[in-house]
Structure formats: C-alpha cells, structure tokens
Amino acid sequence: MNIAMIGTGYVGLVSGACFSEFVDEVRCVDKDRKWIEDINRGVLPIYEPGLDILVNKNVEKKRLSFTTDLGASVKEADIVFIAVGTPSRRGDGYADLSYVYEAAKEIANNLEGYTVVVNKSTVPVGTARAMKKIIKDTNPDAKFDVSSNPEFLREGSAINDFMRPDRVVIGVESERAKAFMKELYRPLYLIETPMVITTLETAELIKYASNAFLATKISFINEIANLCEACGADVQDVAKGMGLDRRIGPKFLHAGPGFGGSCFPKDMQALIKIYQDNGITARIAEAVLQVNSAQRSRMVQKINDALDGNVHGKTIGILGLTFKPETNDMREAASLAIIPALVEGGAKVRATDPKGIDEAKKLLKGIEYFEDPYTTCKGADAVVILTEWNEYRALDLARLKKSMKGKAFIDLRNVYKFQEVKKLGFSYTGVGIGA
Ligand code: UGA
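Each residue of the sequence shown is one higher than the one before, counting from 0 in numbering that gives the first Met the number 0.
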C-alpha cells in the first residue's frame with residue numbers, strides 16, 4: 000500500500016513517519032521547499048520525542064520520503080491524506096479551509112486509478128463532502144472516494160498516541176473506501192484498537208466534540224481551583240476525589256494557567272462558529288474560552304500579589320515558556336499572555352525553557368534568556384513555574400533559594416507540595432491551593 004501525505008507540518012510529519020512503519024511507502028509532500036530540504040538534510044523542523052529516530056530509520060529503508068512533487072506522489076498512491084493547516088481565519092475565528100480546498104484541487108488533477116482521499120486536518124463539519132465536490136468538479140473522470148480520519152495526537156507523546164491510540168475514527172461513504180481504510184489500520188486492529196466507522200459528518204464532529212470536552216474539563220477544574228482559593232480547599236485533592244469516580248476519570252483535571260497550544264483555543268473558536276452557522280448558541284464552548292482567558296489574567300494577578308501587590312521594579316525568573324512540556328511549540332502558550340503583562344507592569348523578566356528558547360525569542364521581546372533555572376533565577380525576587388517540564392520537577396530548591404534575592408515561589412502548575420517549599424524559607428503560591 001502506498002500513501003501520499005499532503006502537508007508535512009506537525010500532523011503530517013508525525014502521521015507520515017508512523018504510517019511508514021507499516022505500509023509499503025509513504026511520500027510526504029509540502030510546498031515549502033526549505034522545510035523539505037531541511038528534513039532531507041536530517042534537520043527536523045519540529046521537536047517531538049522519538050520522531051527523528053523513526054524518520055531516519057524509514058528514510059534509510061526507503062519506505063519514507065519527503066518531496067515538493069505533489070503530482071508524482073498522488074499518482075502512485077492508494078490513499079492520499081490531506082494534513083495541511085487550518086489556521087483561525089484572521090478576525091472571525093472560522094477555520095481557514097483554503098489550504099484544504101487548494102490541496103483537493105491539486106490532488107484531483109493528479110489522481111490515477113481508484114484512490115481514497117482522506118482528510119486528517121481538523122475541519123468543520125461538511126468539509127469532506129465539499130472536498131468530494133471539488134475533486135469531482137475538477138476531474139469528473141476520477142475514480143475516488145473521500146474519507147474523514149481525524150487525528151488525536153498530543154504533542155510530546157504523538158508517536159505513542161499514534162501507535163497505541165484509544166480509538167481510530169473513520170468516516171466513509173462506500174464499502175470500498177471502508178475496506179481500504181481498514182486495511183491501512185490493520186496493524187492497530189491487531190492490537191485491538193477500537194475502530195469507530197461512521198459517516199463523514201459524524202467523524203468530523205467527533206474530533207471537535209472530543210477537543211471541546213477536554214478543554215471544558217480544564218476550564219471546569221480551573222474555575223473550581225478559584226473557588227478552592229476562596230474557601231480554603233485544595234484543588235488537587237478535589238480533582239483526585241472527583242477523578243476516582245470512573246464516570247469522571249482523573250485526566251485533564253490539572254488546574255493551571257489555562258490551556259494553550261495549536262488545537263484547543265483554535266478548535267473551540269471554530270466550534271462556536273459551527274454552532275452559529277447552524278443557528279445554535281454555544282453556551283458551554285463560549286464559557287470555556289472566557290474562563291480560559293480570565294485564568295491567564297488571574298495568573299498575572301497572582302504574581303503581583305506574591306510580590307506585595309506590584310511587580311514594578313521586581314526581577315522575575317520564569318521556568319518554562321512552551322505551551323506544555325516536550326515540545327518547542329509556543330502557539331497560544333500561557334507565557335505569551337503572562338510575560339508581556341509582567342513586562343508592561345515594569346518587571347524585569349529572566350526566562351528559560353529546555354526546548355522553546357529559539358521560538359520564544361521570536362515572540363517575546365524585552366526579556367533575558369538563560370540556559371538553566373538557577374542562572375535564570377539569579378538575583379530574582381520571584382520564581383514562576385509556567386511549564387511543568389521534568390527538569391523543573393526535581394529542582395534543588397535550596398540552591399534555587401540561594402541564587403535568588405527574594406523568596407516568592409509561584410508554582411502555576413502545582414508541581415510542588417507547599418510544605419516542602421515553605422520549609423526552605425520560600426513563600427508559596429499555587430493554583431487552587433486555598434490553605
Ligand atoms: C490536544 C488533544 O489532547 C489531542 O487529543 C488532539 O489530537 C490535539 O489537541 C489536536 O487536536 O491536534 P495538545 O494540544 O498537543 O493535544 O496538548 P494537550 O496535552 O491536550 O494540552 C493542551 C493544553 O491543555 C496545554 O496547554 C496543557 O497545559 C493544558 N492542560 C492539559 C491543562 O491545563 N490541564 C490538564 O489537565 C491538561
């Protein structure tokens with residue numbers, strides 16, 4: 000079986016590399032010549048644990064290649080995936096589908112023999128059907144079916160998520176396309192991965208509903224955290240007590256500075272638009288975004304409060320800049336909302352991150368960057384843990400305290416127990432720790 004993966008961004012690159020483990024050949028295509036040249040030189044443009052090993056191995060075995068030649072790749076393929084970006088359209092929150100439709104047109108012009116054209120990008124309900132019409136209009140003789148096969152990869156653990164998914168969702172219209180897709184995912188079927196085979200529209204909505212539900216869990220626990228602070232409760236124990244109920248589950252109940260990344264904020268906005276287009280008010284989705292945005296501001300207030308009500312003239316050491324650990328991705332990271340507010344308030348910010356400094360430098364100006372947490376916090380009045388990298392889970396707290404001038408320890412990911420931090424002479428601020 001041969002695959003063409005159109006779009007070699009995060010999803011395309013990870014999915015292409017993973018598929019190359021169990022199909023005959025995967026050709027990953029991108030328009031960005033430099034991007035493809037870099038990958039072909041062995042320089043991956045994104046950081047994802049284990050991805051370099053997987054790419055190198057399969058490139059060497061000639062099962063995986065990277066090219067700008069869409070036509071040749073599509074002609075050879077049994078299944079063509081579209082994994083191009085669907086950014087928020089400037090100003091209105093709609094997912095921008097121009098790259099998806101452009102790809103569909105180009106694919107249509109190059110189809111040879113029966114091919115399944117699969118959408119993997121996160122797209123509004125109805126997009127696969129629109130894609131089908133575009134392909135048909137562009138090439139009326141093409142023998143093809145469309146399919147919707149959303150991805151559920153998390154950055155930082157994407158390879159494991161791909162190889163051992165909780166489920167695979169496949170939207171199809173014909174038995175032939177269904178057979179192709181089942182054959183493609185057969186190795187996962189053998190490890191008893193549940194397959195949800197459904198219509199195009201349902202598959203598209205499963206993706207949004209899943210992300211929206213996870214985002215809702217996060218905003219819910221953040222709002223509970225705020226209540227914990229007001230009434231002297233501990234959100235971590237509340238989450239534990241809730242999560243042990245199997246109907247609720249323990250995951251995605253970590254209070255913090257609110258969700259970021261390339262998916263939840265964008266997908267929530269797009270979902271609200273889908274509701275609007277269908278004449279329904281998205282009350283929960285709207286509230287989830289409002290709580291998330293308020294949580295960012297609340298974190299800035301927390302830092303001010305921990306520094307006697309004002310960050311002006313204070314030095315603050317920030318540990319962690321990316322939107323979550325194990326990635327260099329800065330999209331919608333909490334740091335991008337919190338740090339500019341601190342700088343605006345007159346703070347001197349010193350920051351570090353294990354993988355994100357290069358990206359951060361493009362986005363966060365007027366702050367100083369350092370390699371390790373202790374140098375970052377040298378002479379600081381406060382230390383703020385903003386991303387829960389493993390490197391910051393086992394800090395030498397005594398050494399950290401010694402390098403600082405002040406004693407404010409602001410743990411926005413609740414990594415530490417306040418008793419152990421206070422013992423060393425720090426003052427402690429967490430999220431939802433009301434005691
Ligand atoms: C998310 C989903 O988890 C994936 O299933 C989905 O495939 C992906 O979006 C996508 O649509 O492509 P990702 O954005 O990589 O994956 O990261 P998550 O691990 O879900 O974290 C998202 C944000 O939520 C992060 O900012 C994280 O810090 C925050 N978060 C997560 C919390 O604040 N609390 C939690 O308990 C969990």
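Even for Gly, the Cβ is constructed at its ideal location relative to N, Cα and C.
Please classify residue i: does DSSP put it in a helix, a strand, or coil?
i: Val-115; result: strand
i: Leu-423; result: coil
i: Val-22; result: coil
i: Glu-154; result: coil
i: Thr-326; result: coil
i: Tyr-368; result: strand
i: Phe-251; result: coil
i: Asn-303; result: helix
i: Phe-161; result: helix
i: Phe-258; result: coil
i: Lys-347; result: strand
i: Val-122; result: coil
i: Asp-276; result: helix
i: Cys-27; result: strand
i: Met-4; result: strand
i: Ile-205; result: helix
i: Asp-352; result: coil
i: Thr-428; result: strand
i: Ala-340; result: helix
i: Ala-381; result: strand
i: Ala-359; result: helix
i: Gly-11; result: helix
i: Gly-316; result: strand
i: Ile-190; result: coil
i: Asp-410; result: strand
i: Thr-197; result: strand
i: Asp-244; result: coil
i: Asp-395; result: coil
i: Asp-144; result: strand
i: Val-171; result: coil
For the putative contact between residue i and residue j, defined by C-beta atoms under 8 Å, what is the C-beta separation to the nearest angstrom?
i: Ile-432; j: Val-234; result: 7 Å
i: Thr-66; j: Val-28; result: 6 Å
i: Leu-96; j: Ile-45; result: Not quite, the Cβ-Cβ distance comes to about 23 Å (not below 8 Å), so this is no contact.
i: Ala-127; j: Ala-211; result: Actually they are not in contact, since the Cβ atoms of Ala-127 and Ala-211 sit about 19 Å apart, beyond 8 Å.
i: Leu-63; j: Val-25; result: 5 Å
i: Ile-273; j: Val-124; result: 6 Å
i: Thr-375; j: Leu-318; result: 7 Å
i: Asn-389; j: Gly-344; result: 30 Å between Cβ atoms; not a contact.
i: Met-4; j: Ala-82; result: 6 Å
i: Val-430; j: Gly-255; result: 6 Å
i: Lys-404; j: Asp-371; result: Contact doesn't hold; Cβ gap of about 18 Å is too wide.
i: Leu-110; j: Asn-138; result: 6 Å
i: Asp-77; j: Phe-179; result: 7 Å
i: Gly-257; j: Asn-221; result: 6 Å
i: Leu-43; j: Asp-51; result: 6 Å
i: Phe-143; j: Tyr-113; result: 7 Å
i: Arg-392; j: Val-414; result: 5 Å
i: Lys-265; j: Ser-87; result: 5 Å
i: Gly-6; j: Ala-102; result: 7 Å
Requested in this report: For the stretch 37 to 107, list the alpha helix (DSSP H) runs that are entirely contained and at least 4 residues long, ordered along the chain.
Outcome: Here the runs fully enclosed are 50 to 59, 69 to 75 and 97 to 107.
Report task. Pair every Cβ in the stretch 103 to 111 with every Cβ in the stretch 190 to 200, then say whether three or more of these pairs are closer than 8 Å. Result -> Contact fails between the stretch 103 to 111 and the stretch 190 to 200, because fewer than three Cβ pairs, one in each stretch, are under 8 Å apart.
Query raised in the report: Counting pairs of Cβ atoms below 8 Å between the stretch 284 to 299 and the stretch 364 to 375, do you hit three or more?
Result: Taking 8 Å as the limit for Cβ pairs, the verdict is that the stretch 364 to 375 does not touch the stretch 284 to 299.
Query raised in the report: Are the stretch 9 to 22 and the stretch 41 to 61 touching by the rule of at least three beta carbon pairs closer than 8 Å?
Result: Touching, yes.
Query - Stretch pair the stretch 322 to 335 + the stretch 155 to 166: three plus CB contacts closer than 8 Å - result: With the cut-off at 8 Å, the stretch 322 to 335 and the stretch 155 to 166 touch.
Query raised in the report: So, do the stretch 334 to 354 and the stretch 377 to 387 have three or more beta carbon pairs nearer to each other than 8 Å?
Result: At 8 Å Cβ cutoff, the stretches touch.
Query - Any 3 or more C-beta pairs closer than 8 Å across the stretch 193 to 205 and the stretch 118 to 134 - result: The answer is yes - the stretch 118 to 134 touches the stretch 193 to 205, with three or more Cβ pairs under 8 Å.
Report task. Evaluate contact between the stretch 306 to 317 and the stretch 273 to 293, counting only Cβ atoms and requiring at least three cross-stretch pairs below 8 Å. Result -> The stretch 306 to 317 makes no contact with the stretch 273 to 293: fewer than 3 CB pairs, one atom from each, lie closer than 8 Å.
Query raised in the report: Do three or more CB pairs link the stretch 421 to 428 to the stretch 213 to 221 at distances below 8 Å?
Result: Judged by Cβ distances under 8 Å, the stretch 421 to 428 makes no contact with the stretch 213 to 221, as fewer than three pairs qualify.
**Report entry** Segment contact, 8 Å Cβ cut-off, at least three pairs: the stretch 138 to 148 with the stretch 166 to 174
**Finding:** The stretch 138 to 148, when compared against the stretch 166 to 174, does touch it at the 8 Å Cβ threshold.
Query - Contact the stretch 82 to 96 vs the stretch 263 to 270: 3+ CB pairs below 8 Å - result: The answer is yes - the stretch 263 to 270 touches the stretch 82 to 96, with three or more Cβ pairs under 8 Å.
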